[in-house]
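Asks:
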Amino acid sequence: MKRVIRPSAIAALALLVIAVSFASPAQAKIQAADTAAAASAPGCTFDTLSAEDRKRYQSRYKRRVRIDGKAYADAWLQENACPTAEQRAARKQAKGKDGRPCKRTRLEMRVSPGFNGPMTMSPVPVCAD
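Last residue of the sequence shown: 1185 in the numbering used here, with the numbers rising by one and none dropped.
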């Protein structure tokens, strides 16, 4: 006996697959934001930022709240405006060719392309070892 699948069952299955594929990245983003917010420094919220930082991050923070939700926006703010001491240290350290942090660094001027304008020079930390 041949088994026949109704078109309505196929359509329902297709809708379910589409819904799961769109929901999964959003759920993963929310779960990652919740995890990052739990590990964040206590008291680091948009309201506790200085007036200068609040002005700097206001438009980007509000856009993330509107689009992705408050938990994701708070995690983004924690990562960008309120890094932990380890994150700050990792960000500032220049790394050598082997990937390890440098013991001594020096500033080297590098050329940066200017979009619709002249090229500029920017100081970049490099290893002096």
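Backbone N, C-alpha and C fix where the C-beta goes; we use that ideal spot for every residue, glycine too.
Note that this is a predicted model, so its numbers are computed, not measured.
(1) Excluding the 5 residues preceding and the 5 following T1176 in the sequence, name in chain order all residues of the same chain whose CB lies nearer than 7 Å to its CB.
(2) Does the region 1130 to 1144 come close enough to the region 1100 to 1107 that 3 or more CB-CB pairs lie under 8 Å?
(3) R1116 and Y1128 look like a contact to me (Cβ under 8 Å); what is the Cβ gap, rounded to whole Å?
(4) My assumption, with CB atoms under 8 Å, is that G1155 sits in contact with C1183. Please give the rounded CB distance.
(5) If you drop the 5 nearest sequence neighbours on each side, which residues of the same chain put their C-beta closer than 7 Å to that of L1133?
Replies: This is what the structure gives:
(1) Once the five neighbours on either side are set aside, the close Cβ partners of T1176 are S1168, G1170.
(2) The answer is yes - the region 1130 to 1144 touches the region 1100 to 1107, with three or more Cβ pairs under 8 Å.
(3) Not quite, the Cβ-Cβ distance comes to about 12 Å (not below 8 Å), so this is no contact.
(4) About 11 Å separates the two Cβ atoms, so there is no contact after all.
(5) Taken in chain order, the residues that qualify are F1102, Y1113, Y1117.
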